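The sequence shown: position 274 = 874 (the numbering used here), numbered continuously.
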Amino acid sequence: MILRYLTLAEYPSKLANRLQTMKMSEAFSRDSDFQLFVKKAPQNCTDIFGAYGIGCEIDIQRIGSLVGRIAWPKSLFFAFVYGKIINKEKEAIFYIRDVLLAFFLVFIAPGFRERFVFELHSLGKFPHFMYSRVFREARGIVSTNNGKKEELVSRYKISEEKIFVAPNGFDPVLFADVEPRENVRRKLGFKDAEKVVLYAGSTQAWKGIDMIKKLAKEFSDVTFVIVGGDSSSRDGNVISIQAQEHKIIPSYLCAADLLIAPYDLSDKRVARLFSPIKVIEYMASGTPMIATDAPSIREFVGEGGALLVSPYSYNAFHDALSFALENDGKMRQNASRSLERSKQYSWNARAESIVSFIKSKS
């Protein structure tokens, strides 16, 4: 199968969706005649492949940054560029996750219609009519969780047969390469007897960074580590570590005693629709975790895979953290369940299932 992934991505980048795009491109490369189209990337991507832990060459096509200097809507101008490419690709299936780009291509490139598969990551960012037109024209829709599938069916009247649910994934190779826990802790500067509660990811307000810092004031004998900020610093028992190359993150996850993901999901719709890569990687580390209770998270971890906290409040997380620190055996049983469950979420398995879905729609 000839598969072309059309994006407006620029590399290098710190955005989590760029990681997802690159890891899926690596996996697709193993199962199809594949090319990844990006707005911008170095001619030599060795450093980028290394940072993401990419184990094979990805055929990357750069469409240039000249159009990017044009005023909004940039997606419209890029659609004209992609339209010329699409006209030359008579047999290809086009894979895309950018709503605006897909919307414009539906009108600009007749060869795009009914020959593209749309991967859905968010709803509500753009007007309803844009989503509706993209969904209606797509050959198939890949949803990252069941919450989005339910909304596609109920709100957009899309047939269930047109939708394939494929949660985000992780790279087992990166975790298999992690050194023994004692060695990793020593290299990262954690003491043997030190209790380490760790968060890894971006530091937007809704990710719960303030909650972590508030908990740290109460649990003064615990070291709280936040990996993913703009700079490194230490404030009492809170260690902030600037964003690291993705291939290094598994070492941090495996070195911790407890992982935390205190998402502020006061928006119930967001809680049902988002699909965090972080939680799957937490699971794959085999380290106990506590996280905000949300349908989209419960869908991943299953029954008894993590300590899920509800409602989102300081008192609830305080009690959960106290329980986790005092019941290490119970928490490690949960972590073992999560580790086993995570095996179904590899990027390769995800790509294989999506390719099978696409072929079934041919």
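Beta carbons: idealized from backbone N, C-alpha and C, even for Gly. All values derive from a computational prediction rather than experimental measurement.
Rounded C-alpha distance that separates residue i from residue j
i    : j    : result
P612 : I877 : 19 Å
K807 : I860 : 10 Å
I958 : A641 : 28 Å
N617 : D631 : 21 Å
I663 : K684 : 11 Å
H918 : L908 : 12 Å
F634 : A951 : 12 Å
K943 : P772 : 8 Å
F703 : E779 : 46 Å
K791 : R785 : 7 Å
E610 : L636 : 12 Å
S953 : E760 : 16 Å
M730 : F707 : 12 Å
I658 : K674 : 26 Å
A916 : I812 : 13 Å
N564 : R834 : The requested residue 564 is not part of the displayed model; the chain covers only 601 to 962.
F726 : R739 : 21 Å
V955 : S910 : 37 Å
Proximity below 8 Å, CB of residue i to CB of residue j
i    : j    : result
A627 : N934 : no
L752 : K847 : no
V638 : I660 : yes
D698 : T607 : yes
I654 : M624 : no
V765 : D857 : no
G836 : A805 : no
P850 : S875 : no
M883 : R941 : yes
A800 : Y852 : yes
K814 : Y914 : yes
G904 : R937 : yes
M601 : I693 : yes
A679 : L705 : yes
Option in the options with minimal Cα separation from residue i
i    : options                   : result
L603 : C656, K623 and I696       : I696
R781 : H846, L720 and A855       : A855
M889 : L873, P911, S851 and K930 : K930
A793 : D771, V822, G801 and I860 : V822
V870 : R950, V681, A702 and L723 : L723
Y756 : E737, F680 and D771       : E737
R733 : F764, I763, S743 and L700 : L700
L788 : S840, A776 and I763       : S840
F770 : V955, V879 and S632       : V879
S820 : L720, A679, S832 and K795 : K795
E881 : Y605, L619 and M601       : L619
I809 : N783, T892, A906 and S960 : T892
Y912 : S956, P862 and L939       : P862
G902 : M811, S910 and L939       : L939
L676 : S910, A709 and K688       : A709
Reduced DSSP secondary structure (H/G/I, E/B, other) of residue i
i    : result
L921 : helix
D835 : strand
Y605 : strand
G902 : coil
A709 : coil
E779 : coil
Y882 : helix
R662 : strand
V822 : coil
A702 : helix
Y695 : strand
K640 : strand
G747 : helix
D631 : helix
Review point. Are the region 708–719 and the region 862–878 touching, with three or more C-beta to C-beta distances below 8 Å?
Key: no
Check your understanding: Touching or not, the region 825–841 and the region 746–761, by the rule of three or more beta carbon pairs under 8 Å?
Key -> no
Check your understanding: Contact between the region 892–904 and the region 920–930: three or more CB pairs below 8 Å?
Key -> no
Review point. Three or more C-beta pairs closer than 8 Å, one from the region 645–652 and one from the region 831–847: is that the case here?
Key: yes
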